[in-house]
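Numbering (our numbering), first residue to last: 20 to 248. Each residue gets a CB set at the ideal place from its N, CA and C atoms; glycine is no exception. See below for the structure under consideration.
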Ligand code: C5P
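The structure is reproduced here in structure tokens:
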């Protein structure tokens, strides 16, 4: 019997490019699973802070990432929740502080290695939409559709600002811009699995496009690729 391959769509890109929103929309439209890989790095940062592990202790962070018990689900209101062990840590994981910590622990080779198997385990029928920085280059190099989503730095800062404001979090726009710039630099200059488009990725600048337009473009690409295979 032929082994059925589980189709994968990868959406990589810098902070604030909208990849999380687009990945969620596309996964919903297709009825596929979703992997928010950034949340895993955020969970490592959170768990490390709680245990007092330094953000540059590669071996200890790697061991922590390997034993972390993580679960994603949704509550009765349909909101996505993120669990670390038996604790709902969704709100903590989404803070800017945790995002900054995530980009620091994400530089550590043992952390990246420890999370490979966990990320691969999300690839289940009928398909997976995975968003992050290295989904198309490292974790799912055989993905059927690879998207590299960008937007201008000012647009990304504005979007992030609005997202946080909607959640009642007050951050200054200039401070957010500086933070995004620092994170971009760290993510693209690290030696292991840096942020970069896969050779076969389609690059998409979302600066002047709506969420609906970007989602539709990605869905059209998925449709094209599925027809081909
Ligand atoms: O996407 P998100 O902002 O949640 O990611 C937080 C951080 O985790 C990023 O700034 C990046 O350093 C790291 N990350 C990564 N590889 C991924 C996803 C996220 O290094 N696949």
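Once DSSP output is grouped into helix, strand and coil, what is the label at residue i?
i           : result
residue 165 : strand
residue 240 : helix
residue 156 : helix
residue 175 : helix
residue 53  : strand
residue 131 : helix
residue 224 : strand
residue 206 : helix
residue 212 : coil
residue 116 : helix
residue 231 : helix
Looking only at its own chain, which residues have a Cβ that is under 7 Å from the Cβ of residue i, when we skip the five neighbours before and after it?
i           : result
residue 53  : 42, 43, 46 and 148
residue 122 : 202, 205 and 206
residue 112 : 58, 61, 62, 65 and 101
residue 117 : 61, 64, 65 and 111
residue 134 : 59 and 84
Who are the near neighbours of residue i in its chain, counting only those whose CB is closer than 8 Å to its CB and skipping five residues on each side?
i           : result
residue 203 : 33, 34, 172 and 214
Since residue i contacts residue j with CB under 8 Å, what's their CB separation in whole angstroms?
i           : j           : result
residue 218 : residue 119 : Actually they are not in contact, since the Cβ atoms of residue 218 and residue 119 sit about 30 Å apart, beyond 8 Å.
residue 77  : residue 128 : 6 Å
residue 131 : residue 231 : Residue 131 to residue 231, Cβ: 34 Å. No contact.
residue 158 : residue 139 : 7 Å
residue 146 : residue 240 : Contact doesn't hold; Cβ gap of about 14 Å is too wide.
residue 126 : residue 67  : Rounded, the Cβ-Cβ distance is 13 Å, inconsistent with contact.
Determine which residues share a DSSP beta bridge with residue i and list them.
i           : result
residue 90  : 102
residue 28  : 148 and 164
residue 95  : DSSP output for residue 95 lists no bridge partner at all.
residue 185 : Residue 185 is not bridged to any residue.
Please go through the same chain and pick out, in chain order, the residues whose beta-carbon is closer than 6 Å to the beta-carbon of residue i, but skip the five residues on each side of it.
i           : result
residue 79  : 72
residue 195 : 176, 179 and 180
residue 169 : 32, 36 and 224
residue 99  : 93
residue 220 : 155, 165 and 167
The stretch 76-91 touching the stretch 170-187, judged by at least three CB pairs closer than 8 Å | no
For the stretch 159-172 and the stretch 236-245, state whether three or more C-beta atom pairs, one from each stretch, are separated by less than 8 Å.
-> Contact check between the stretch 159-172 and the stretch 236-245: three or more CB pairs, one atom from each, fall below 8 Å, which counts as touching.
Quick check: the stretch 106-117 against the stretch 153-162, are there 3 or more CB pairs under 8 Å?
-> no
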